[in-house]
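S.K.: Chains A and B supply the protein sequences, listed in that same order. Numbering follows the working numbering, with no gaps: position 158 of the first sequence is 158. Numbering follows the working numbering, with no gaps: position 80 of the second sequence is 1080. Every residue, glycine too, gets a C-beta built ideally from N, C-alpha and C.
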Amino acid sequence: MEDFDLIERYISGDEDSIEELVMKYQKQIYALVYRITNDIEEAKDLTQKTFVKAINGLKGFRKEASFKTWLYQIAINTSLNHIRQSKHEEVEIEGSIMGNKANALTDIMENEKRNYIRKGLDELPERQRLAIVLRVYNGLSCNETAKAMGCSEGAVKAHYHNGVKRLRGILKEKGYEVRS
Amino acid sequence: MKLDHDRIKEMLPDYLKGSIPKEMRSEFETHLKDCENCRGELSFITEMMKVEVPEPGDLFWQMLPRRVKGIVEEEKAKRFSLTSIFFRPLPIAATISVLLLLVITYTTTMQKKEIKEISEVEPFSSPFSVAVVDYSDISEKDIPIIEERLDVNGEYLQTGNLLEFSYYREFASLSSKEMESLYEVLNKEQRNGG
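This is how it looks when you write it as structure tokens:
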């Protein structure tokens, strides 16, 4: 069912449509929030908060933008506010979380590289990190990313380009230069 | 539309996602073959995409929709109970009672004030007082007769033959209000027998 139909159903009193909306977007929102916070428990908590905020604000939702973009905006704001309030500390990611059994040397190196990418992303300025996360991981177009971030497409392109360049630099410093 | 280097670089995530239009794909891939910079960036983005998000577990996915629904319903109920405080019958009755009491008190106070004001303007006077008696319809001829019947305080002398010749004229000059006052005084003194 289309998002707008589900929203209409909720506004006219069918509260079961909430569950359908959450089921449809929960994985995307969780992945986005996790990539912003880098913490599983915080990501779970903030995913829930994002949906509660969105559902409570559905009556004020204007159908000019897509529900998905609007939901992404709420997720971004909720996550960034949380980070600012709690003065987020960098969390060490354990290899076991990823479920990888790093036995072979290549696996160890691969894991290390991914950890550097993750840490490098965390070191990027907020807007650059967001542009990369939304474009690369969440697969949003430039236009959708601009709407979710509340800026122009030109700004998204600049943030994305500078972010990727900087991240490649960080990895190069660690000895992990990615070549074609 | 001709794709240049910068445009292709911007579209690399879309290419990996498979959302590049078919008509652009061959041009895109031709450029990638020739451009080392774009190939390098494509490899880097592919590496970035390998960074996975840890799974929170099936239970989380199963419970989240129900949990969100529960919280939303709970918050809605809280908001409703807050608004209903102001619409319960008991507070309404209490408020109306207080308002009525205030209105009654105000009205009574105003009435008392009015009565006081009237009594201050028109203080009760003896019907025999000179101030009360209306002399407007009395001619000059009558004045000596009236003066004869006044004592030093300006009160009519009630002794003597008051009824002799001035009785009808005097009473005819009184207004209905004055007559009523006179009747009350006489009645009080039990002198209304005649």
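Is it true that the CB of A:Leu171 sits closer than 8 angstroms to the CB of A:Tyr116?
M.R.: yes
S.K.: Of the residues that make up the region 34-52 of chain A, which ones have a beta carbon closer than 8 angstroms to any beta carbon in chain B?
M.R.: Only Tyr34, Arg35, Ile40, Ala43, Lys44, Thr47, Gln48, Phe51, Val52 from the region 34-52 of chain A bring a Cβ to less than 8 angstroms from some Cβ of chain B.
S.K.: Return the Cβ separation of A:Leu80 and A:Ile29 in integer angstroms, given the expectation that the two are a contact with Cβ distance under 8 angstroms.
M.R.: 14 angstroms between Cβ atoms; not a contact.
S.K.: If you draw a straight line from the C-alpha of A:Ala102 to the C-alpha of A:Glu112, how long is it?
M.R.: For A:Ala102, the predicted model reports a pLDDT of 45, less than 50, meaning its position is unreliable; a value from the coordinates is still stated below. Whole-angstrom Cα-Cα distance: 10 angstroms.
S.K.: According to DSSP, is B:Pro1065 part of a helix, a strand, or is it coil?
M.R.: helix
S.K.: Output the distance between the C-alpha atoms of B:Gln1062 and B:Pro1056, rounded to the nearest integer angstrom.
M.R.: 11 angstroms
S.K.: Mind pulling the chain B residues with CB within less than 9 angstroms of A:Tyr30?
M.R.: Val1053, Pro1056, Phe1060, Trp1061, Leu1064
S.K.: A:Gln26 versus chain C: which residues are under 8 angstroms apart at the beta carbon?
M.R.: Protein chains A and B are contained in the structure displayed, whereas chain C is not.
S.K.: Using beta-carbon positions only, say whether B:Phe1044 and A:Val164 come within less than 8 angstroms of one another.
M.R.: Yes, Cβ-Cβ distance for B:Phe1044 and A:Val164 is below 8 angstroms.
S.K.: Between A:Thr69 and A:Lys53, how many whole angstroms is the CB-CB distance? I'm expecting something under 8 angstroms.
M.R.: With a Cβ gap of about 15 angstroms, A:Thr69 and A:Lys53 do not count as contacting.
S.K.: So what does DSSP say about A:Tyr176, is it helix, strand or coil?
M.R.: coil
S.K.: Would A:Gln48 and B:Arg1067 qualify as a contact pair, given that the criterion is a beta-carbon distance under 8 angstroms?
M.R.: Yes, the pair counts as a contact, with Cβ atoms nearer than the cut-off.
S.K.: Under a Cβ-count criterion, where at least 16 other Cβ atoms within 10 Å of its own Cβ denotes burial, should B:Gln1111 be classed as buried or exposed?
M.R.: exposed
S.K.: Starting from the C-beta of A:Ile55, find all residues in its chain whose C-beta is less than 6 angstroms away, skip the five residues before and the five after it, and write them out in chain order.
M.R.: Ile18
S.K.: Out of A:Asp45, A:Asp122, A:Arg118, state which residue places its alpha-carbon closest to the alpha-carbon of B:Val1051.
M.R.: Nearest option by C-alpha distance: A:Arg118.
S.K.: Kindly indicate which three-state DSSP category B:Ala1093 falls into: helix, strand or coil?
M.R.: If DSSP states are grouped into helix, strand and coil, B:Ala1093 belongs with the helices.
S.K.: Report the three-state DSSP secondary structure of B:Ser1026 (helix, strand or coil).
M.R.: Note: B:Ser1026 maps to helix in three-state DSSP.
S.K.: Could you tell me which of B:Pro1065, B:Asp1006, B:Asp1137 sits nearest to B:Asn985, measuring between CA atoms?
M.R.: Because chain B in this structure spans residues 1001 to 1194, residue 985 of chain B falls outside the shown range and cannot be described.
S.K.: Name the chain A residues that come within less than 9 angstroms of B:Asp1014, Cβ to Cβ?
M.R.: Simply Arg135, Gly139, Ser141, Cys142.
S.K.: If the criterion is Cβ atoms closer than 8 angstroms, does the pair A:His82 and A:Glu41 meet it?
M.R.: Against a cut-off of 8 angstroms, the Cβ pair of A:Glu41 and A:His82 comes out as no contact.
S.K.: Let's test the definition: count the other Cβ atoms within 10 Å of the Cβ of B:Pro1013 and tell me whether it reaches 16, buried, or not, exposed.
M.R.: buried
S.K.: With a threshold of 8 angstroms on Cβ separation, who are the neighbours of A:Glu123 within its own chain once the five nearest residues in sequence on each side are excluded?
M.R.: Ile170
S.K.: Cβ closer than 9 angstroms: which chain B residues qualify as neighbours of A:Arg166?
M.R.: Going along chain B, no residue has its Cβ under 9 angstroms from A:Arg166, so there is no contact; the nearest lies around 12 angstroms.
S.K.: For a quick check, are the C-beta atoms of A:Val33 and A:Leu46 less than 8 angstroms apart?
M.R.: yes
S.K.: Determine the chain B residues that contact A:Met109 at a beta-carbon separation under 7 angstroms, and present them in chain order.
M.R.: By Cβ distance, chain B contributes nothing, its closest Cβ being about 12 angstroms from A:Met109, past 7 angstroms.
S.K.: Quick one: grab the DSSP three-state call for B:Lys1017.
M.R.: In the structure shown, B:Lys1017 sits in a helix (DSSP, three-state: H, G or I).
S.K.: By Cβ distance, which residues of its chain are closer than 6 angstroms to B:Leu1162, with the 5 residues on each side in sequence left out?
M.R.: Legend: pLDDT at B:Leu1162 = 49, less than 50; position of this residue unreliable, value from coordinates given subsequently. Same-chain partners within the cutoff: there are none.
S.K.: Give the straight-line distance between the Cα atoms of A:Ala31 and A:Ser141, rounded to the nearest whole angstrom.
M.R.: One C-alpha to the other measures close to 17 angstroms.
S.K.: Between A:Glu15 and B:Lys1069, what straight-line distance do the alpha-carbon atoms span, to the nearest angstrom?
M.R.: 7 angstroms
S.K.: Quick check: the Cα distance between A:Met98 and B:Glu1023, rounded to an integer number of angstroms?
M.R.: Confidence at A:Met98 is low in this model, with a pLDDT of 44, below 50, so its placement is unreliable and the value that follows should be read with caution. So the alpha carbons of these two residues sit roughly 38 angstroms apart.
S.K.: At the 8 angstroms Cβ level, is A:Glu15 part of the contact set with chain B, yes or no?
M.R.: yes
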